[in-house]
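Residue numbers (the working numbering): 223 to 884.
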């Protein structure tokens, strides 16, 4: 029983649920010789034995153990003048190695409360070759001022060998903006579009033309494909509704280069437009930590959550190598991407191929060596079909392709407009390798995948550590020294000789528990309760809009309870919102967003296709003897949406996500 309690506690199961499971197994409370309080006392004792007494001291010991296991584990603990823990940052060896491949774009968000000290969990999040979120380091912060963010960004930059990201997505926090300008002066800083657009109901909800302004703002933001187009529409809106004195619009207009899609599409963002990556990573920890979680409990549950994340990546790798998604066309370039891209990214490319049916290309003009084509795309917006013209440039000498939609620059995948032009000029056999980004390829062996994640429960396994060191050394040797078949033969002969010289150890490795106590280090005290910009003690920051929604729903619930208790007195007079009004408060601008779906973790597909793909992916496991299973071709039975237009649907899912975890 005790061992069961300890294992469940490490898995993140709270004591109450832990105890109820034991009651169920025993068929009743009367069959147990202990109570829930006894379980709590035992768990508290085990936690003290496992990680020490104080939170700060426990984290320090944990980090020392991790660094002893792998010298590439990196951590920094920031203390105040009283030696009290203020901020802490850490990144394991796998995160640091992964940054080499996926560190050009990161998302950073601090809205999540993780522990009883209300210290925000601040993850640096990137996107791997499957489009999945991955941790690239994280921190627990005592506050959110410029000084703290500057310390954190400098620490993270040092951890990543002074290699700054090319682009970073955050919310509109002013302190964060100043710190980024100091530490990452050359990085492109983008604001989360969802956070900004969700403020529309808050800023214009009382305006007499609210619905019209809301619809027009969405049209201006999402359907402006050039800076001049945006400027013209924006000025018309300001003039039409006499919004010259609106301070909020003035402020975001000055910073339009940080959030308007037409201004940021020319930069590679790996498909990200919001801090959804950070927030989805935060929500990923929901099953492991609560607002009452202590710091020493958090570092344990961090390991558990990271294990699951890595396992999902391993499964995606397996499916990409063992599943072939059938082509939907006879174009040679589709076969190119089928062989090179991971399954998730190949499906996104197939969406562009399927969407060619909505496009019509024709030659426009010749400018020197550049041929300019116009591509008219029929898009369904607000239940109406609308024709939008994109311009594609093609230089035959250099095989250079550019489109005004900037999908390739933004996401790293060729757009339907370019593919339509290639079909028109008869160049569908192949595309140059520079249009097949290495970061989306499945046929590249990335060094970080060979690194065992530094889980604390592996500490002390000296045999495994020896194997890891040997693997790391041999990988570096093989990557830099084996340059020909002759070199390979020499190395293989040497390995055969070493097999004879060194006897084979057929026994299982032993688990040895080592004392990893911290020596010769100053005692670090637990942190004070953080007062982060007046944030309430909940897991996520709540905006004014969310507070209004919560208040209205509470009023409605109170009204309903009063009516139930006073049925004999007739209906009570007073303010009450209808279901329709409730929906308006809850979703606000979503009525104009359409029925499309989508998150940045997957391509935009309809429910039927999503269900079929899941079934087909499950069928992968039925392959025998390493055989490769084939998935039926992609069927694009869905509404056609532009890349930035899909952001509306991300916003829709994001809104629900925020509501669920608030």
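Note that the Cβ used here is the ideal one computed from N, Cα and C, for glycine as well. Just so you know, these numbers come straight off a predicted model, no measurement behind them.
Do you know offhand how far residue i's Cα is from residue j's?
i	j	result
residue 265	residue 236	10 angstroms
residue 479	residue 472	13 angstroms
residue 450	residue 459	14 angstroms
residue 496	residue 533	25 angstroms
residue 389	residue 406	9 angstroms
residue 423	residue 316	42 angstroms
residue 306	residue 516	16 angstroms
residue 330	residue 575	33 angstroms
residue 800	residue 605	Caution is warranted here: a pLDDT of 37 is assigned to residue 800, below 50, making its placement in the model unreliable, and the coordinate value is therefore given only provisionally. Near 27 angstroms, if we compare the C-alpha coordinates of residue 605 and residue 800.
residue 286	residue 299	12 angstroms
residue 628	residue 615	12 angstroms
residue 470	residue 425	8 angstroms
residue 301	residue 289	20 angstroms
residue 393	residue 386	19 angstroms
residue 666	residue 255	57 angstroms
residue 346	residue 620	38 angstroms
residue 252	residue 260	15 angstroms
residue 281	residue 308	13 angstroms
residue 404	residue 384	14 angstroms
residue 374	residue 673	25 angstroms
residue 776	residue 572	46 angstroms
residue 711	residue 671	26 angstroms
residue 618	residue 586	15 angstroms
residue 553	residue 668	29 angstroms
residue 477	residue 486	12 angstroms
Looking at residue i: is its Cβ nearer than 8 angstroms to the Cβ of residue j?
i	j	result
residue 358	residue 328	yes
residue 584	residue 600	no
residue 353	residue 567	yes
residue 484	residue 447	yes
residue 318	residue 360	no
residue 645	residue 578	yes
residue 292	residue 535	no
residue 635	residue 698	no
residue 565	residue 547	yes
residue 332	residue 344	yes
residue 542	residue 649	no
residue 488	residue 631	yes
residue 311	residue 321	no
residue 401	residue 366	no
residue 240	residue 249	no
residue 622	residue 594	no
residue 563	residue 662	yes
residue 410	residue 481	no
According to DSSP, is residue i part of a helix, a strand, or is it coil?
i	result
residue 383	coil
residue 622	strand
residue 801	Note that residue 801 scores a pLDDT of 35, beneath 50, so its modelled location is shaky; the value from the coordinates is reported in the next line. Note: residue 801 maps to helix in three-state DSSP.
residue 636	coil
residue 615	strand
residue 477	coil
residue 547	strand
residue 484	helix
residue 702	helix
residue 453	helix
residue 695	helix
residue 599	strand
residue 330	strand
residue 627	coil
residue 726	coil
residue 711	helix
residue 653	coil
residue 610	strand
residue 542	helix
residue 468	coil
residue 250	coil
Which partner residues of residue i appear in the DSSP bridge assignment?
i	result
residue 309	300
residue 563	663
residue 344	361
residue 236	DSSP output for residue 236 lists no bridge partner at all.
residue 593	588 and 616
residue 907	Absent from the model: residue 907. The displayed extent of the chain is 223 to 884, so no value can be given.
residue 494	Looking at the DSSP assignment, residue 494 forms no beta bridge with any residue, so it has no partner.
residue 356	348
Does the distance between the C-beta of residue i and the nearest non-hydrogen atom of the ligand ADP fall short of 7 angstroms?
i	result
residue 571	Although the ligand ADP was asked about, the structure shown includes no ligands whatsoever.
task: With a floor of 4 residues, list each alpha helix (DSSP H) that falls wholly inside the region 366-432, ordered by position along the chain.
output: DSSP runs (the alpha helix (DSSP H)) wholly in the region 366-432: 368-381, 396-405, 415-419 and 422-426.
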